[in-house]
Amino acid sequence: MIRVSKEGILALEKLDRTKLVNSLSGYKSAVLIGTQNQAGANNLAIFSSVVHIGANPPLMGIVQRPASVERHTYENIKASGVFTINHVPIAFYEAAHQTSARYPREISEFEACGFTPVFSETISAPYVAESPLRIGLKLEEEIEIKSNQTILLIGSIQELFVAHQLAENENHIDLSSLNTLLVQGLDTYYKVEKMATLPYAKFAK
Ligand SMILES: Cc1cc2nc3c(=O)[nH]c(=O)nc-3n(C[C@H](O)[C@H](O)[C@H](O)COP(=O)(O)O)c2cc1C
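Take 198 as the starting number for the sequence shown in the numbering used here and just add one per residue.
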């Protein structure tokens, strides 16, 4: 094994360090966060830091980079109190990646990158029509991470939309059958292959 020290990591060029450290937490779903500003302009941005917070109440979180520069997703979530999380079909990986570019506030990444906004009756943030699994959330809590000023935004799930009818006991939405995108770090995308579903592990063996 090759040891890389903390000093070695800190000595890297900014972009190299960002890429290396970002790759360490592994594969994650690459999702598109849909928001709308007060003027009615839609915004879309790729995020990978989606975390499950809890099931009752149903909560999910996203980690937002520090608000030291213009952050449209963050501004819109704060102002509107809602956002959508949209899983991305693998065919759209390049378009999804492109949403990370810094577009001016008045330009919608939906149009610029080739996605279609759709709305529900309950959430004023746009969903992505191309997405086979869409989740609508209401902002509940904002927690600043003191170590680096990133922000954990916690939302409560108001509704979700799935591309197929859920079977009676289907309590697990199989993303591999929906063919959605994974990412490691900030630039390397993957497809999923399902391995197994195991029974609940009850007793020590
Ligand atoms: C693969 C990938 C994953 C990303 N994940 C996050 C993330 O979890 N949190 C974040 O704040 N930015 C993330 N970004 C960066 C945002 O997409 C980028 O800052 C974007 O410009 C934000 O747009 P906005 O200003 O419209 O919110 C990611 C970028 C890429 C390419």
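Just so it is clear, CB atoms sit at the ideal spot from N, CA and C, and this is done for glycine as well.
According to DSSP, H253 sits in a beta bridge with which residue or residues?
Mapped onto the sequence shown, residue 253 falls at position 56. Before going on, a small fix: residue 253 reads as Asn here, not His. Paired residue(s): none; N253 is not in a bridge.
For S353 and L256, believed in contact at Cβ under 8 Å, the rounded distance:
Looking up residue 256 in the sequence shown gives position 59. Looking up residue 353 in the sequence shown gives position 156. The Cβ separation is near 6 Å, so the contact holds.
Touch test, the region 378-390 against the region 285-297, Cβ-Cβ under 8 Å, three pairs minimum:
yes
Simplified DSSP assignment, three categories, for I274:
If you number the sequence shown from 1, residue 274 lands on position 77. Of the three classes helix, strand and coil, the one that applies to I274 here is helix, per DSSP.
Run the CB neighbour count on L395, radius 10 Å, all protein chains shown included, and call it buried at 16 or more, exposed below.
Position 198 of the sequence shown, counting from 1, holds the residue named residue 395. Exposed: under 16 other Cβ atoms inside 10 Å.
Report yes if the C-beta of H249 is less than 7 Å from at least one heavy atom of ligand 1; otherwise report no.
Translated into positions along the sequence shown, residue 249 becomes position 52. Incorrect: H249 has no Cβ contact closer than 7 Å to ligand 1.
Does the Cβ of P323 have 16 or more other Cβ atoms within 10 Å, making it buried, or fewer, making it exposed?
If you number the sequence shown from 1, residue 323 lands on position 126. Its Cβ being crowded by 16 or more others within 10 Å, P323 is buried.
Look at the alpha carbon of H249 and the alpha carbon of T270, and state the distance between them as a whole number of angstroms.
Taking the first residue of the sequence shown as 1, we reach residue 249 at position 52. Taking the first residue of the sequence shown as 1, we reach residue 270 at position 73. Answer to the nearest angstrom: the Cα atoms are 19 Å apart.
What residue range does the beta strand (DSSP E) around E390 cover?
If you number the sequence shown from 1, residue 390 lands on position 193. Premise fails: E390 is in no beta strand (DSSP E) and is neither H nor E.
Is the closest heavy atom of ligand 1 to the C-beta of N234 under 7 Å?
Position 37 of the sequence shown, counted from the start, is the residue given in the question as residue 234. No, the Cβ of N234 stays beyond 7 Å of every heavy atom of ligand 1.
Distance, T296 Cα to A276 Cα:
If you number the sequence shown from 1, residue 276 lands on position 79. If you number the sequence shown from 1, residue 296 lands on position 99. Those two C-alpha atoms are separated by around 21 Å.
One or two residues paired with L330 in a DSSP bridge
As a working note, residue 330 is residue 133 in the sequence shown. Per DSSP, the beta-bridge partners of L330 are V359.
Tell me, please, which residues DSSP counts as bridged to P286.
For the purposes of this step, residue 286 is identified with residue 89 of the sequence shown, where counting begins at 1. P286 is bridged to T377.
Between L330 and T281, how many whole angstroms is the CB-CB distance? I'm expecting something under 8 Å.
Reading the sequence shown from its first residue, position 133 is the one you call residue 330. Reading the sequence shown from its first residue, position 84 is the one you call residue 281. L330 to T281, Cβ: 11 Å. No contact.
What do you reckon, are the CB atoms on V279 and K335 nearer than 8 Å?
Taking the sequence shown and counting its residues from 1, the one referred to as residue 279 is at position 82. Taking the sequence shown and counting its residues from 1, the one referred to as residue 335 is at position 138. Their beta carbons are under 8 Å apart, which means V279 touches K335 by this criterion.
Given a threshold of 16 other Cβ atoms within 10 Å of its Cβ, counted over all protein chains shown, does E367 qualify as buried or as exposed?
Here residue 367 refers to the residue found at position 170 of the sequence shown. E367 should be labelled exposed.
Would DSSP call G258 helix, strand or coil?
Walking along the sequence shown from the start, residue 258 turns up at place 61. DSSP places G258 in strand when its eight states are reduced to three.
Using the C-alpha atoms, what's the distance from S220 back to D213?
Within the sequence shown, the letter at position 16 stands for residue 213. Within the sequence shown, the letter at position 23 stands for residue 220. Taking the straight line joining both Cα atoms gives about 11 Å.
Candidates E272, A264 and L217: closest to Q235 by CA position:
In the sequence shown, counting from the first residue as 1, residue 235 sits at position 38. Here the closest residue by C-alpha is E272.
If you reduce the DSSP assignment to three classes, tell me which class Q295 lands in.
The count along the sequence shown starts at 1 and reaches residue 295 at position 98. Q295 falls in the helix class under three-state DSSP.
With a cut-off of 8 Å on the beta carbons, I'd call A292 and F312 a contact; round off their distance for me.
Start at 1 with the first residue of the sequence shown, and residue 292 comes out as number 95. Start at 1 with the first residue of the sequence shown, and residue 312 comes out as number 115. At roughly 7 Å, the Cβ-Cβ gap stays under 8 Å, so A292 and F312 are in contact.
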